[in-house]
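S.K.: Encoded as structure tokens, here's the structure I'll be asking about.
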Amino acid sequence: MILDSKIPAGPLAEKWTKHKFNSKLVNPANKRKYEVIVVGTGLAGASAAASLAELGYNVKAFTFHDSPRRAHSIAAQGGINAAKNYQNDGDSVFRLFYDTIKGGDYRAREANVYRLAEVSVKIIDQCVAQGVPFAREYGGLLANRSFGGAQVSRTFYARGQTGQQLLLGAYSALSRQVANGKVKLYPRSEMMDVVMIDGHARGIVTRNLITGAVESHSAHAVLLCTGGYGNVFYLSTNAMGSNVTAAWRAHKRGAYFANPCFTQIHPTCIPVSGDHQSKLTLMSESLRNDGRVWVPATKETAEKLRKGQINVNDIKEEDRDYFLERKYPSFGNLVPRDVASRNAKYVCDEGRGVNETGEAVFLDFRDAIKRDGKSTIESKYGNLFDMYKQITGEDPYQVPMMIYPAVHYTMGGLWVDYNLMTTIPGLYALGEANFSDHGANRLGASALMQGLADGYFVIPYTIGDYLASTPPKPVDTTHPEFQKAATEVKNRVDQLLKINGKKSVDYFHKKLGKIMWNECGMARTAEGLKKAKAEIKQLKKDFWSDVKVLGTNEELNLSLEKAHRVADFIELGELMIDDALNRDESCGGHFREEFQTPEGEALRDDENFAYVAAWKYMGENQEEELYKEPLVFENVKLTQRSYK
Amino acid sequence: MQLTLKIWRQKNASDKGGFVTYPVSDVSKDMSFLEMLDVLNENLTEKGEDPVHFDHDCREGICGTCSLYINGKPHGPLQTTTCQLHMRSFSDGQTITIEPWRAKAFPIVKDLVVNRSAFDRIIQAGGYVSVGTGGVPDANEIPIPKTIADLAMDAAQCIGCGACVAACKNASAMLFTSAKVSQLALLPQGQVERKTRAEKMVAQMDAEGFGACTNTGACEAECPKGISITNIARMNREYFSAVVSSENV
Chain A
24 MILDSKIPAG
34 PLAEKWTKHK
44 FNSKLVNPAN
54 KRKYEVIVVG
64 TGLAGASAAA
74 SLAELGYNVK
84 AFTFHDSPRR
94 AHSIAAQGGI
104 NAAKNYQNDG
114 DSVFRLFYDT
124 IKGGDYRARE
134 ANVYRLAEVS
144 VKIIDQCVAQ
154 GVPFAREYGG
164 LLANRSFGGA
174 QVSRTFYARG
184 QTGQQLLLGA
194 YSALSRQVAN
204 GKVKLYPRSE
214 MMDVVMIDGH
224 ARGIVTRNLI
234 TGAVESHSAH
244 AVLLCTGGYG
254 NVFYLSTNAM
264 GSNVTAAWRA
274 HKRGAYFANP
284 CFTQIHPTCI
294 PVSGDHQSKL
304 TLMSESLRND
314 GRVWVPATKE
324 TAEKLRKGQI
334 NVNDIKEEDR
344 DYFLERKYPS
354 FGNLVPRDVA
364 SRNAKYVCDE
374 GRGVNETGEA
384 VFLDFRDAIK
394 RDGKSTIESK
404 YGNLFDMYKQ
414 ITGEDPYQVP
424 MMIYPAVHYT
434 MGGLWVDYNL
444 MTTIPGLYAL
454 GEANFSDHGA
464 NRLGASALMQ
474 GLADGYFVIP
484 YTIGDYLAST
494 PPKPVDTTHP
504 EFQKAATEVK
514 NRVDQLLKIN
524 GKKSVDYFHK
534 KLGKIMWNEC
544 GMARTAEGLK
554 KAKAEIKQLK
564 KDFWSDVKVL
574 GTNEELNLSL
584 EKAHRVADFI
594 ELGELMIDDA
604 LNRDESCGGH
614 FREEFQTPEG
624 EALRDDENFA
634 YVAAWKYMGE
644 NQEEELYKEP
654 LVFENVKLTQ
664 RSYK
Chain B
576 MQLTLKIWRQ
586 KNASDKGGFV
596 TYPVSDVSKD
606 MSFLEMLDVL
616 NENLTEKGED
626 PVHFDHDCRE
636 GICGTCSLYI
646 NGKPHGPLQT
656 TTCQLHMRSF
666 SDGQTITIEP
676 WRAKAFPIVK
686 DLVVNRSAFD
696 RIIQAGGYVS
706 VGTGGVPDAN
716 EIPIPKTIAD
726 LAMDAAQCIG
736 CGACVAACKN
746 ASAMLFTSAK
756 VSQLALLPQG
766 QVERKTRAEK
776 MVAQMDAEGF
786 GACTNTGACE
796 AECPKGISIT
806 NIARMNREYF
816 SAVVSSENV
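These protein sequence lines are chains A and B, in that order.
Count along the first sequence starting at 1, add 23, and that's the number in my numbering.
Count along the second sequence starting at 1, add 575, and that's the number in my numbering.
Here you go:
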């Protein structure tokens, strides 16, 4: 199969407009004859479900949460980018496009990224109309802040809770359609499989998390808006429930998985404090606008500090190394996430890290408080400072914060074409669940933008093109394919419950996380990856022979839920390693130690690796097959990224 | 730290339920409350006993999934969510009683897990501005005074956890409902549907079986996001002015 990205011909700036015009339409009277399933109710899912229902389609929306408002989009803090140029500082659609392509280290599709930048302006209009309380200036107009990887202020925000406010906006639009009877909501329902009829996605099988009932739901198209897979690392900034199961089951049914090794390690997270830790907490990147990142200039000072022999506030200016400002004078503390993370790792590897563990760097607000006053800093970051204090017991107004990189976002995901359709006809992937817009590294405040762009402004146009050529005949859930899929799900449940081994599900998850973090995390080597692959193969065997899942299917059963998810994470982990091994270059968040510039920056190999790596599932315990989608750059020149 | 936990166990909605006592050891002060329960659950799993079911997800205080009524207070002794409560707030040897939210409108699903879908239905009754996707004015065509935007944001911060209901002796959902009514009543975008919104959301709140508000202020005191009780006053005003001038007679 040749991967057809369906990128429209013509000049970059006209592609989307032309494509919308060339896409087939479904007549308003016919829209009500179509059913669309939306899995996941985060930014992408809620906005898609609401928008499609407004158009007249009948939507069924599924979430494993108790309410659509719980989706992890809610936790995004810093903001959402849009090329509004309200600040008169030289922003434009092309500049947002350029920053995103460059920030992604030239591993994203030009046409998709341009479209994202183009619709970004409409997202802000939409959210304001819904009543999202964005931050404002005294004149009543919208305020902006700057974010990593950009030299303009284009980020809109609602204190440190932008994701929450945007999600509640999309949730309110969704709720309106539930009230109108155009969306039927299925909370506490986990998607277990995609059902294919004649090669097209025609429904899903779910497990009701309260009763354990395995249920079939049919539709004319299925949208996966199920987020990223960062929890493959066990410790990440993702919510505890975030998982890859929906995407992975679709992958096993024929949807290719693209660039799985592209994961983002976020530089500003609260450091790990002990083995009991269940998740990592992000401190918004916006803090880097005012906070200065540093470590002691020498190993000796760092060691004294770790042992508590000296106080951090007593360290003199000349004994501090503001390493980002020193190495990258023009971007300073606002370099992209991958660069900031890697440099934090370097100084810690040199023995200059702080915290008892030596795995942390300072993020210091002393100078900003001196410059702007405590109340200004409080109004910008008050809730983040409170959260930090709550978790660590330290007051960041008095002592510098300590931060360390943590897994945050996954740029990889299901392969989709320009219409957001996967390699399975009728199956779409939106938001973090797809791979399409962020290349090898996502810029801050761009995840919210992409989730909402896909849901509000892309899928409502592209889905019509597919549905227009699909007969509106209702899909019958008594079709043998539904029964087959449901039986497979039931068998898998039985199998998990029958193992009755000795080790808990969490034991395996933690073990997987350690392997992935050590060998497929911030820095990777061919040797380490090969070792990890063998370890994961063994882990999979152990899981299926020694996991202990208690209880029955016919009840709320958290360990059974988690067992399904961890089993899929283990398989995904192996694919991520294959992908990282295949990519003999460094780019963005994928850093292979063998491929770096003399200054320690990522060294791309555009001649051999300017492609999307899309993997096809070949069956249980078979090596997956690699398909390449070449990336063609007609509007930007590929350069070594420089933030100096 | 060593602790004694008295936890409400209930197999399902129809089970009668009751307290079961569990000792836990090896608790560190840096653990979050939920991580302490993770330790208990790992131990229970090892012994082949059903782990304690509780709701949780983001573990950073924003999704509103976690609940737990800890020693007689929703989300425990601090004004925060349970996931942001750390064991340094407890002392060695302490006995901690853990119950689910108790309210008629929040039926128990299992152990400490309750069904809060009543909140979703209140929002569905009118907690939105009826604008479809597309066709809206440029964002800066709707200027909003900063003070008003800030007040709206204060109300909009509600995470829908239900602590206000759990804290209230009448299990009233006034704080939750009023936060959304206030946010949209304050903003120009919410003006068109201002009256019908207040009427419909209050009617749904009553239909769900939440109790009445008697102004004790327990909700505000326990709200992890500091949602102010002035929102309730604003909603009352909205509701009464809507009712007296209502066209829905």
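Virtual Cβ for every residue (Gly too), placed ideally from N, Cα, C.
The alpha helix (DSSP H) spanning A:Y530 covers which residue range?
M.R.: Here the alpha helix (DSSP H) through A:Y530 covers V528 to C543.
S.K.: Against chain B, with Cβ distances strictly below 8 Å, would A:V151 count as a contact?
M.R.: Yes, A:V151 lies at the interface with chain B (some Cβ there is under 8 Å from its Cβ).
S.K.: How is the beta strand (DSSP E) around A:E213 delimited, first residue to last?
M.R.: S212 to I220 is the extent of the beta strand (DSSP E) around A:E213.
S.K.: Can you tell which of A:L357, A:R343 and A:A391 has the C-alpha that lies nearest to the C-alpha of A:V370?
M.R.: The shortest Cα separation from A:V370 among A:L357, A:R343 and A:A391 belongs to A:R343.
S.K.: Can you list, in chain order, the stretches of the beta strand (DSSP E) that have 3 or more residues and sit fully within the region 665-721 of chain B?
M.R.: Fully enclosed beta strand (DSSP E) runs of 3 or longer: 670-674 and 683-685.
S.K.: Along chain B, in chain order, which residues have C-beta atoms closer than 9 Å to that of A:A456?
M.R.: Near A:A456 there are no residues of chain B at all, since even the closest Cβ is about 18 Å away, more than 9 Å.
S.K.: Quick check: B:T708 and A:E77, are their CB atoms within less than 8 Å of each other?
M.R.: Against a cut-off of 8 Å, the Cβ pair of A:E77 and B:T708 comes out as a contact.
S.K.: How about A:T668 and A:G264: are their beta carbons less than 8 Å apart?
M.R.: Since the displayed chain A opens at 24 and closes at 667, residue 668 of chain A lies outside it and no answer follows.
S.K.: Let's test the definition: count the other Cβ atoms within 10 Å of the Cβ of A:S212 and tell me whether it reaches 16, buried, or not, exposed.
M.R.: Buried, by the Cβ-count rule.
S.K.: Let me see if you follow: with CB-CB separation under 8 Å, is B:I717 close to chain A or not?
M.R.: True, the Cβ-Cβ gap to chain A drops below 8 Å.
S.K.: Which one or two residues does DSSP pair with A:W317 in a beta bridge?
M.R.: BP columns for A:W317 point to A:F385.
S.K.: The alpha helix (DSSP H) spanning B:M749 covers which residue range?
M.R.: M749 to L761 is the extent of the alpha helix (DSSP H) around B:M749.
S.K.: Less than 8 Å separating the beta-carbons of A:C610 and A:A463?
M.R.: Contact: yes.
S.K.: Would you decide whether A:S307 is buried or exposed? Buried here means 16 or more other CB atoms lie within 10 Å of its CB.
M.R.: The residue is buried, with at least 16 neighbouring Cβ atoms inside 10 Å.
S.K.: Over what stretch of residues does the beta strand (DSSP E) that includes A:M424 continue unbroken?
M.R.: Per DSSP, A:M424 belongs to the beta strand (DSSP E) from M424 to T433.
S.K.: Counting only Cβ-Cβ distances shorter than 7 Å, please list the residues of the region 198-215 of chain A near chain B, keeping chain order.
M.R.: Within the region 198-215 of chain A, the residues whose Cβ lies closer than 7 Å to some Cβ of chain B are S198, R199, V201, A202 and P210, listed in chain order.
S.K.: Apply the 10 Å Cβ neighbour rule to B:P598 and answer buried if 16 or more other Cβ atoms are within range, or exposed otherwise.
M.R.: It is exposed - the Cβ of B:P598 has fewer than 16 other Cβ atoms within 10 Å.
S.K.: Please state the DSSP three-state secondary structure of A:T286.
M.R.: The answer is strand: DSSP assigns A:T286 an E or B state.
S.K.: Just to confirm the assignment: which complete alpha helix (DSSP H) runs, minimum length 4, are found wholly within the region 240-291 of chain A?
M.R.: Complete alpha helix (DSSP H) runs here, min 4: 268-275.
S.K.: Quick one: which residues of the region 301-318 of chain A get their C-beta closer than 7 Å to a C-beta of chain B? List them in chain order.
M.R.: The residues in question are S301, K302 and T304.
S.K.: Is the CB of A:Y6 under 8 Å away from at least one CB in chain B?
M.R.: A query on residue 6 of chain A cannot be resolved here, the shown segment of chain A reaching from 24 to 667 and no further.
S.K.: Taking DSSP as the reference, what is the three-state secondary structure of A:D607?
M.R.: In this structure, A:D607 counts as coil in the three-state DSSP scheme.
S.K.: Is the region 578-585 of chain A touching the region 615-629 of chain B, taking contact as three or more C-beta pairs under 8 Å?
M.R.: Contact between the region 578-585 of chain A and the region 615-629 of chain B is present, because at least three Cβ pairs lie under 8 Å.
S.K.: Is A:F85 helix, strand or coil by DSSP?
M.R.: Reduced to three states, the DSSP call for A:F85 is strand.
S.K.: Which two residues bound the contiguous alpha helix (DSSP H) that contains A:P31?
M.R.: Element bounds for A:P31: n/a, residue is neither H nor E.
S.K.: Measuring only the C-alpha atoms, how far is A:A456 from A:E401?
M.R.: Cα to Cα, A:A456 sits roughly 35 Å from A:E401.
S.K.: For a quick check, are the C-beta atoms of A:S568 and B:Y703 less than 8 Å apart?
M.R.: No, the Cβ-Cβ distance between A:S568 and B:Y703 is not below 8 Å.
S.K.: Would you call the region 411-424 of chain A and the region 385-402 of chain A touching, i.e. three or more CB-CB distances under 8 Å?
M.R.: Yes: the two stretches touch, three or more of their Cβ pairs being nearer than 8 Å.
S.K.: Do you know offhand how far A:V116's Cα is from A:T40's?
M.R.: Computed Cα separation, rounded: 14 Å.
S.K.: Look at the alpha carbon of B:S757 and the alpha carbon of B:M810, and state the distance between them as a whole number of angstroms.
M.R.: Distance between the alpha carbons of B:S757 and B:M810: 6 Å.
S.K.: Helix, strand or coil, according to DSSP, for B:M611 in the structure here?
M.R.: Residue state, collapsed to three classes: helix.
S.K.: Any beta carbon of chain B sitting closer than 8 Å to that of A:E348?
M.R.: So no, A:E348 is outside the interface.
S.K.: Using a Cβ-Cβ distance cut-off of 8 Å, determine whether A:K83 contacts chain B.
M.R.: False, the Cβ-Cβ gap to chain B never drops below 8 Å.
S.K.: Examine chain B for any beta-carbon lying closer than 8 Å to the beta-carbon of A:R93, and answer yes or no.
M.R.: So yes, A:R93 belongs to the interface.
S.K.: For the beta strand (DSSP E) containing B:I582, list its first residue and its last residue.
M.R.: Element bounds for B:I582: L578 to R584.
S.K.: Would you mind telling me which residues of chain A sit closer than 7 Å to B:L597, beta carbon to beta carbon, in chain order?
M.R.: The sequence given here places Tyr at residue 597 of chain B; Leu does not occur at that position. Per Cβ cutoff of 7 Å: no residues; B:Y597 is ~16 Å from chain A at best.
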